[in-house]
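Data first, discussion second: the structure below is written as C-alpha coordinates.
In this note's numbering, the protein residues as written are 1 to 211.
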(Lines of atoms letter the chains of each structure in order from A and count residues from 1; the text may use other names and numbers.)
(Lines give C-alpha, C1' and ligand atoms only; values in the text may rest on other atoms or scores of the structure.)
Protein backbone atom coordinates (compact mmCIF):
# COMPACT_ATOMS: atom_id res chain seq x y z
CA UNK A 1 0.00 0.00 0.00
CA UNK A 2 1.29 3.46 -0.93
CA UNK A 3 0.45 6.17 1.59
CA UNK A 4 -0.22 9.82 0.82
CA UNK A 5 1.50 12.16 3.26
CA UNK A 6 -0.26 15.04 4.96
CA UNK A 7 1.23 18.43 4.15
CA UNK A 8 1.08 19.49 7.80
CA UNK A 9 1.82 16.27 9.70
CA UNK A 10 5.43 15.16 9.12
CA UNK A 11 4.87 11.61 10.44
CA UNK A 12 5.53 8.58 8.21
CA UNK A 13 3.78 5.21 8.10
CA UNK A 14 5.62 2.09 9.28
CA UNK A 15 8.48 1.43 6.78
CA UNK A 16 7.65 -2.28 6.93
CA UNK A 17 4.50 -1.48 4.93
CA UNK A 18 6.48 -0.37 1.87
CA UNK A 19 5.79 -1.95 -1.51
CA UNK A 20 8.12 -4.73 -2.75
CA UNK A 21 10.15 -2.11 -4.64
CA UNK A 22 10.48 -0.05 -1.47
CA UNK A 23 7.99 2.69 -2.34
CA UNK A 24 6.25 3.72 0.87
CA UNK A 25 4.61 7.10 0.45
CA UNK A 26 3.97 10.00 -1.86
CA UNK A 27 3.64 13.73 -1.28
CA UNK A 28 4.61 15.92 1.64
CA UNK A 29 7.57 18.26 1.35
CA UNK A 30 11.31 18.45 1.96
CA UNK A 31 11.33 20.60 5.08
CA UNK A 32 14.27 19.75 7.39
CA UNK A 33 12.17 18.16 10.14
CA UNK A 34 10.47 15.81 7.70
CA UNK A 35 13.72 14.83 5.98
CA UNK A 36 15.44 14.11 9.28
CA UNK A 37 12.49 12.08 10.54
CA UNK A 38 12.57 10.08 7.31
CA UNK A 39 16.28 9.27 7.49
CA UNK A 40 16.02 8.27 11.15
CA UNK A 41 13.46 5.65 10.12
CA UNK A 42 15.37 4.37 7.10
CA UNK A 43 13.28 6.32 4.57
CA UNK A 44 14.60 8.56 1.80
CA UNK A 45 13.13 10.65 -1.05
CA UNK A 46 13.81 9.63 -4.64
CA UNK A 47 11.86 11.20 -7.47
CA UNK A 48 12.15 13.46 -10.54
CA UNK A 49 10.77 16.78 -11.77
CA UNK A 50 7.80 15.10 -13.46
CA UNK A 51 6.62 13.15 -10.39
CA UNK A 52 5.46 14.09 -6.90
CA UNK A 53 7.87 13.48 -4.02
CA UNK A 54 8.28 9.71 -3.61
CA UNK A 55 9.54 8.19 -0.35
CA UNK A 56 11.30 4.81 -0.28
CA UNK A 57 12.05 2.33 2.51
CA UNK A 58 13.68 -0.70 0.83
CA UNK A 59 13.19 -4.10 2.44
CA UNK A 60 16.89 -4.72 1.83
CA UNK A 61 19.57 -2.05 2.00
CA UNK A 62 22.61 -1.76 -0.23
CA UNK A 63 25.35 -0.74 2.18
CA UNK A 64 29.08 -0.51 2.62
CA UNK A 65 30.83 -1.29 5.90
CA UNK A 66 33.95 0.92 5.84
CA UNK A 67 36.21 -1.93 6.94
CA UNK A 68 35.01 -3.97 3.94
CA UNK A 69 35.96 -1.35 1.34
CA UNK A 70 37.93 -3.00 -1.46
CA UNK A 71 40.80 -0.86 -2.70
CA UNK A 72 42.88 -2.16 -5.59
CA UNK A 73 46.66 -1.82 -5.50
CA UNK A 74 46.55 0.70 -8.32
CA UNK A 75 43.88 2.77 -6.56
CA UNK A 76 45.80 2.65 -3.29
CA UNK A 77 48.81 3.98 -5.16
CA UNK A 78 46.72 6.83 -6.62
CA UNK A 79 45.29 7.64 -3.19
CA UNK A 80 48.72 7.84 -1.60
CA UNK A 81 50.36 9.71 -4.49
CA UNK A 82 49.10 13.14 -3.46
CA UNK A 83 47.68 13.84 -6.91
CA UNK A 84 44.40 14.76 -5.23
CA UNK A 85 43.64 17.03 -2.29
CA UNK A 86 40.66 16.02 -0.14
CA UNK A 87 38.54 18.39 1.93
CA UNK A 88 35.33 18.00 3.91
CA UNK A 89 32.34 20.36 3.88
CA UNK A 90 34.17 23.07 1.98
CA UNK A 91 32.06 23.16 -1.21
CA UNK A 92 28.78 21.39 -0.46
CA UNK A 93 26.74 23.45 -2.92
CA UNK A 94 29.19 22.78 -5.75
CA UNK A 95 29.28 19.06 -5.02
CA UNK A 96 25.51 18.65 -5.08
CA UNK A 97 25.26 20.76 -8.24
CA UNK A 98 27.86 18.59 -9.98
CA UNK A 99 26.06 15.44 -8.84
CA UNK A 100 22.81 16.80 -10.29
CA UNK A 101 24.44 17.64 -13.64
CA UNK A 102 26.61 14.54 -13.93
CA UNK A 103 25.60 12.32 -16.85
CA UNK A 104 25.26 8.63 -16.02
CA UNK A 105 24.88 5.74 -18.49
CA UNK A 106 21.26 4.71 -18.93
CA UNK A 107 19.93 7.63 -16.92
CA UNK A 108 17.70 10.23 -18.54
CA UNK A 109 17.93 13.46 -16.59
CA UNK A 110 18.49 13.71 -12.84
CA UNK A 111 16.61 12.85 -9.68
CA UNK A 112 18.48 15.61 -7.83
CA UNK A 113 15.94 18.31 -8.60
CA UNK A 114 16.43 22.00 -7.84
CA UNK A 115 13.99 21.58 -4.94
CA UNK A 116 16.08 18.73 -3.58
CA UNK A 117 19.34 20.65 -3.94
CA UNK A 118 17.91 23.56 -1.97
CA UNK A 119 16.57 21.25 0.75
CA UNK A 120 19.90 19.47 1.26
CA UNK A 121 21.82 22.73 1.31
CA UNK A 122 19.60 23.72 4.24
CA UNK A 123 20.37 20.38 5.92
CA UNK A 124 24.05 21.10 5.40
CA UNK A 125 23.70 24.53 6.97
CA UNK A 126 22.03 22.86 9.94
CA UNK A 127 24.94 20.42 10.29
CA UNK A 128 23.20 17.23 9.11
CA UNK A 129 24.33 16.92 5.47
CA UNK A 130 28.01 16.62 4.60
CA UNK A 131 30.26 16.56 1.58
CA UNK A 132 33.68 15.26 0.65
CA UNK A 133 35.48 17.24 -2.04
CA UNK A 134 38.36 16.01 -4.20
CA UNK A 135 40.53 18.65 -5.87
CA UNK A 136 43.10 18.44 -8.64
CA UNK A 137 45.31 21.42 -9.40
CA UNK A 138 42.93 23.65 -7.46
CA UNK A 139 39.84 22.54 -9.39
CA UNK A 140 36.99 20.39 -8.08
CA UNK A 141 37.51 16.96 -9.66
CA UNK A 142 35.00 14.82 -7.77
CA UNK A 143 33.13 14.33 -4.55
CA UNK A 144 30.13 12.97 -2.73
CA UNK A 145 27.45 14.12 -0.30
CA UNK A 146 24.97 12.60 2.10
CA UNK A 147 23.17 12.84 5.42
CA UNK A 148 24.65 11.73 8.73
CA UNK A 149 22.34 9.91 11.14
CA UNK A 150 24.33 8.88 14.20
CA UNK A 151 26.95 6.37 13.06
CA UNK A 152 25.38 5.93 9.61
CA UNK A 153 26.23 8.03 6.57
CA UNK A 154 23.31 7.99 4.13
CA UNK A 155 25.10 8.53 0.84
CA UNK A 156 23.06 10.44 -1.72
CA UNK A 157 25.28 10.80 -4.77
CA UNK A 158 28.85 11.11 -6.03
CA UNK A 159 30.49 12.44 -9.16
CA UNK A 160 33.84 12.34 -10.88
CA UNK A 161 35.30 14.70 -13.47
CA UNK A 162 38.66 12.96 -13.40
CA UNK A 163 39.48 9.26 -13.20
CA UNK A 164 39.48 7.91 -9.61
CA UNK A 165 38.24 11.15 -8.03
CA UNK A 166 34.96 9.70 -6.70
CA UNK A 167 36.78 6.60 -5.43
CA UNK A 168 39.16 8.92 -3.60
CA UNK A 169 36.19 10.66 -1.98
CA UNK A 170 34.74 7.32 -0.85
CA UNK A 171 38.05 6.13 0.59
CA UNK A 172 38.43 9.43 2.44
CA UNK A 173 34.92 9.10 3.87
CA UNK A 174 35.64 5.58 5.10
CA UNK A 175 38.93 6.69 6.64
CA UNK A 176 37.26 9.31 8.83
CA UNK A 177 36.23 6.40 11.13
CA UNK A 178 33.08 8.36 12.01
CA UNK A 179 30.62 5.86 10.57
CA UNK A 180 29.85 2.22 11.18
CA UNK A 181 27.94 2.02 7.93
CA UNK A 182 27.56 3.87 4.63
CA UNK A 183 24.06 3.50 3.21
CA UNK A 184 24.40 3.37 -0.59
CA UNK A 185 20.61 3.09 -1.01
CA UNK A 186 20.48 1.96 -4.65
CA UNK A 187 22.46 -0.97 -6.06
CA UNK A 188 25.18 -0.24 -8.61
CA UNK A 189 27.77 -2.62 -10.03
CA UNK A 190 30.42 0.02 -9.35
CA UNK A 191 29.76 0.16 -5.62
CA UNK A 192 29.35 -3.62 -5.42
CA UNK A 193 32.85 -3.95 -6.87
CA UNK A 194 34.09 -1.74 -4.02
CA UNK A 195 32.58 -4.00 -1.37
CA UNK A 196 29.00 -2.79 -0.93
CA UNK A 197 26.39 -5.50 -0.30
CA UNK A 198 22.78 -6.08 0.61
CA UNK A 199 21.62 -6.47 4.21
CA UNK A 200 18.14 -6.95 5.65
CA UNK A 201 16.22 -3.88 6.80
CA UNK A 202 16.16 -5.26 10.37
CA UNK A 203 19.96 -5.33 10.49
CA UNK A 204 20.15 -1.88 8.93
CA UNK A 205 17.74 -0.42 11.49
CA UNK A 206 19.64 -2.05 14.36
CA UNK A 207 22.68 0.01 13.33
CA UNK A 208 20.69 3.15 12.45
CA UNK A 209 18.69 3.04 15.69
CA UNK A 210 20.93 1.32 18.29
CA UNK A 211 19.40 0.46 21.64
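Yeah, the Cβ is synthetic: ideal placement off N, Cα and C, and Gly gets one too.
In the DSSP assignment, residue 88 forms a beta bridge with 132. In the same chain as residue 48, and ignoring 5 residues on each side of it, the C-beta atoms closer than 6 Å to its own belong to 111, in chain order.
Taking C-beta atoms as the reference points, residue 63 and residue 183 count as a pair closer than 8 Å. Comparing C-alpha distances from residue 156 to each of 126, 116, 210, 125 shows the shortest one belongs to 116. For residue 160, the enclosing beta strand (DSSP E) starts and ends at 152-160. In the DSSP secondary-structure assignment, residue 143 is bridged to 133, 159.
Looking at the backbone, the Cα of residue 1 and that of residue 32 are separated by about 25 Å. Relative to the Cα of residue 69, the nearest Cα in the group 195, 30, 204, 199 belongs to 195. Remark: C-beta atoms of residue 133 and residue 91 approach each other more closely than 8 Å.
When the five nearest sequence neighbours on each side are left out, the beta carbons in the same chain lying within less than 6 Å of the beta carbon of residue 5 are those of 25, 27, 28, in order along the chain.
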